[in-house]
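Heads up: the protein sequence lines correspond to chains S and D, in order. Start counting the first sequence at 30; every next residue gets the next number (the working numbering). Start counting the second sequence at 14; every next residue gets the next number (the working numbering). For each residue, glycine too, the CB sits at the ideal point set by N, CA and C. Just so you know, these numbers come straight off a predicted model, no measurement behind them.
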Amino acid sequence: MEDLGRDYLILVFLASLGVIQVAVVHAGLTKLLFLKRTPLAYALGLTLIVAGVTWFFWDGPRHIPDTAGGLDGNDQGWRFAVSSLAAVFFTVLTTSALNHRDGNTPSTIPDGLESLRDHTYIESLPTGLRSLWEERPPWMRR
Amino acid sequence: MDAAIVRWLNDGVGVIPWLDDAINVVVSDYFTPVVLSLLLLGVWFGGKAAASRELHQRAALIAMLGVAFGNLAVQIIGAFTFRDRPFINESLELLFYQPTDSSFPANPAVVGAAIAAGLWGANRRLGAAAFMLTGLWGASRVYAGVSYPTDILAGAAIGVVVVMAVTLVVRRIEPLPTMVIQLAQRFYLA
Numbered sequence: 030m031e032d033l034g035r036d037y038l039i040l041v042f043l044a045s046l047g048v049i050q051v052a053v054v055h056a057g058l059t060k061l062l063f064l065k066r067t068p069l070a071y072a073l074g075l076t077l078i079v080a081g082v083t084w085f086f087w088d089g090p091r092h093i094p095d096t097a098g099g100l101d102g103n104d105q106g107w108r109f110a111v112s113s114l115a116a117v118f119f120t121v122l123t124t125s126a127l128n129h130r131d132g133n134t135p136s137t138i139p140d141g142l143e144s145l146r147d148h149t150y151i152e153s154l155p156t157g158l159r160s161l162w163e164e165r166p167p168w169m170r171r
Numbered sequence: 014m015d016a017a018i019v020r021w022l023n024d025g026v027g028v029i030p031w032l033d034d035a036i037n038v039v040v041s042d043y044f045t046p047v048v049l050s051l052l053l054l055g056v057w058f059g060g061k062a063a064a065s066r067e068l069h070q071r072a073a074l075i076a077m078l079g080v081a082f083g084n085l086a087v088q089i090i091g092a093f094t095f096r097d098r099p100f101i102n103e104s105l106e107l108l109f110y111q112p113t114d115s116s117f118p119a120n121p122a123v124v125g126a127a128i129a130a131g132l133w134g135a136n137r138r139l140g141a142a143a144f145m146l147t148g149l150w151g152a153s154r155v156y157a158g159v160s161y162p163t164d165i166l167a168g169a170a171i172g173v174v175v176v177m178a179v180t181l182v183v184r185r186i187e188p189l190p191t192m193v194i195q196l197a198q199r200f201y202l203a
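What follows is the structure in structure tokens.
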């Protein structure tokens, strides 16, 4: 059970990293890329997906009933959520370090993922948090 | 008819070893659900413009809610009905472990169809791909001897109907879904 659960977490983490790379190449969110050249980033994404799946199923299809150590739907659900969120945060933090530019951050940063075309996650985050603070509801202002 | 289709498909087990190996992976509890969930993660990030990205994110939220409520529907149906698995009543070559829960409706088909229907609302090509993968998953479960075709069809129908209901509810509770996405946008995660 522990091995299968751990292996499942690793499968989802690797494959999520790969899917995010492929998706952000498609979306043009260049500041979320590990590699600046998009064909290479695309290839890295596909490699991570294939590597995760191949590694998980290397020893066979893992037909284990959830009554004998397999993962039931709920178990898979929370493990997928935790591992894919870890992949998201690994991506935004690592690419912020890799794609960091020296110099002043422009004052206008659009909301949401759109900003990650031109700014890294860490460059953008203070703007979003500032907006949240300025727009806080009246009961929080006292 | 249902049993005849299971016997006919299951007769093919052992004839083409590489096909059995491939189906062994597709029918697994882990391959298809992970691939379908990764599709949701991909559409969350993958829109080319802000507007299409938000449409995709809304679809991903609807699909996730559809999976949750689809599972709830299966639990409720399971409390009132129980159908034996095909391998109980037929002499079959099993490619899977012997599940002990009800054969009807097939939970994997509910999950797959809910994700596919959710994606269909925002992206026809990805939705069609997800429906094809769900169909392959369902067919492989019949081939493996653990589900009847009607279990799969009923599960898929439940998944689609639940997503249609969730879509209507999500429209009725606006602006809550928009606020959720806007909050994620402030953290640059949507």
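Through-space distance from residue j to residue i, alpha-carbon basis
i              : j              : result
residue 161(D) : residue 49(S)  : 36 Å
residue 161(S) : residue 196(D) : 8 Å
residue 87(S)  : residue 34(D)  : 12 Å
residue 87(D)  : residue 120(D) : 7 Å
residue 142(D) : residue 37(D)  : 20 Å
Any C-beta of chain S under 9 Å from that of residue i
i              : result
residue 24(D)  : no
residue 51(D)  : yes
residue 202(D) : yes
residue 133(D) : no
residue 100(D) : no
residue 57(D)  : yes
Close beta carbons around residue i, own chain, < 6 Å, minus the five adjacent residues each side
i              : result
residue 131(D) : 72, 75, 76, 79, 176
residue 78(S)  : 44, 47
residue 18(D)  : 162
Closest residue to residue i among the options (Cα-Cα distance)
i              : options                       : result
residue 134(D) : 52(D), 29(D), 146(D), 180(D)  : 180(D)
residue 72(S)  : 88(S), 55(S), 105(S)          : 55(S)
residue 168(D) : 82(D), 107(D), 44(D)          : 82(D)
residue 170(D) : 27(D), 189(D), 118(D), 187(D) : 118(D)
residue 22(S)  : 164(S), 57(S), 75(S)          : One cannot answer for residue 22(S) here, as it falls past the ends of chain S, which runs 30 to 171.
residue 123(S) : 137(S), 38(S), 142(S), 60(S)  : 60(S)
residue 62(D)  : 166(S), 139(S), 164(S)        : 139(S)
Contact set for residue i: own chain, Cβ-Cβ below 8 Å, skip 5 residues either direction
i             : result
residue 41(S) : 81, 108, 109, 112, 113, 116
residue 62(S) : 50, 53, 54, 70, 124, 128
Residue i at chain D interface by Cβ criterion, 9 Å
i              : result
residue 167(S) : no
residue 68(S)  : no
residue 34(S)  : no
residue 129(S) : no
residue 75(S)  : no
Cutoff 7 Å; reference residue i; Cβ partners in own chain excluding five residues on either side
i              : result
residue 36(S)  : 85
residue 149(S) : 60, 124, 125, 128, 129
residue 142(S) : 58
residue 149(D) : 39
Beta-carbon neighbours of residue i, restricted to chain S and to distances below 8 Å
i              : result
residue 60(D)  : 56
residue 84(D)  : 102
residue 109(D) : 92
Beta-carbon neighbours of residue i, restricted to chain D and to distances below 9 Å
i             : result
residue 37(S) : 43, 47
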